[in-house]
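For the record, the sequence lines run as chains A and B.
Quick note on numbering: the first sequence equals residues 1 to 116 in the working numbering.
Quick note on numbering: the second sequence equals residues 1001 to 1112 in the working numbering.
Glycine is no exception: its CB is placed at the ideal position from the N, C-alpha and C atoms.
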Amino acid sequence: GNSVTQMEGPVTLSEEAFLTINCTYTATGYPSLFWYVQYPGEGLQLLLKATKADDKGSNKGFEATYRKETTSFHLEKGSVQVSDSAVYFCALSRSNYGGSQGNLIFGKGTKLSVKP
Amino acid sequence: DTGVSQDPRHKITKRGQNVTFRCDPISEHNRLYWYRQTLGQGPEFLTYFQNEAQLEKSRLLSDRFSAERPKGSFSTLEIQRTEQGDSAMYLCASSRVDTEAFFGQGTRLTVV
């Protein structure tokens, strides 16, 4: 079945540092891929998504590219801010051929702390 | 629309008691999902509905768990004879068909 593995944290960076959080997946077919973010005291929010190979999702300065050849969807940001401190979850759809984008398999999450 | 709403936000119950949680999805969303999240883990899928039909249930959803969405709007998740291992955050999400899911803030259950 489908599965996702993401880099374990916690990750601590200084403000304006470059961020990479690794995410790899196992799937047959072509699932959709997502990054969700959970800020302290808040619910999960969709950060970005990609629904087919070579798609790049982007939002709030974050980017991730759907790489089928390496089965990866790494999250990157060129210059992090204190306000980016949160837990980041990589996820993929349990359906391999489109369909529901809400029926998801999540990674364990990576806690990011950004220091001023 | 204020997004996905879950009630209560926190619930403490004694082992063996029954509990029920409610989820109100975004009004135009016809899909509704339940997830469970334990500390340090990502959310795990439990079940989902399209309108009032329950289309899929995870093996995590034991016989003590039941979910309903009687009129295709709000949903309830009931846990009977709670156990300490049921302590977790229960998340609800909703979506249109083939669009991303929006999550509520969850109900934190503590079984003592």
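Count the other CB atoms within 10 Å of the CB of K56(A); is the residue buried (16 or more) or exposed (fewer)? exposed
Taking R1081(B) as the reference, which of E1056(B), K1014(B) and R1009(B) has the closest Cα? K1014(B)
Residue nearest to G43(A) in terms of C-alpha spacing, selected from L1077(B), T1107(B) and L1046(B): T1107(B)
Quick one: using the 10 Å Cβ neighbour count with 16 as the cut-off for buried, is E1100(B) buried or exposed? buried
Flag F62(A) as yes if its beta-carbon sits less than 8 Å from any beta-carbon of chain B, otherwise no. no
Closest Cα partner of G1040(B) within the set Y88(A), F18(A), N2(A) and W35(A): Y88(A)
Run through chain A and tell me which residues come within less than 8 Å of T1020(B), C-beta to C-beta. Neighbours of T1020(B) on chain A: none; closest Cβ ~20 Å, over 8 Å.
For the segment 1051-1062 of chain B, which residues have a CB atom closer than 8 Å to at least one CB atom of chain A, in sequence order? E1056
Where does S32(A) sit, in a helix, a strand or coil, going by DSSP? coil
Coil, strand or helix - G1085(B) by DSSP: helix
Interfacial residues, the segment 1073-1084 of chain B to chain A, with Cβ spacing under 9 Å: none
Using a Cβ-Cβ cut-off of less than 8 Å, list which residues of the segment 76-109 of chain A approach chain B; keep chain order. F89, A91, R94, G98, G99, S100, Q101, G102, N103, L104, I105, F106, G107, K108 and G109
Can you look up S1066(B) in the DSSP assignment and give me helix, strand or coil? strand
Could you check what DSSP says for S58(A) in three-state terms: helix, strand or coil? strand
Taking DSSP's pairing of strands, which residues face D1024(B) in a bridge? S1005(B)
Looking only at DSSP bridge pairs, what is R1036(B) linked to? E1044(B) and Y1090(B)
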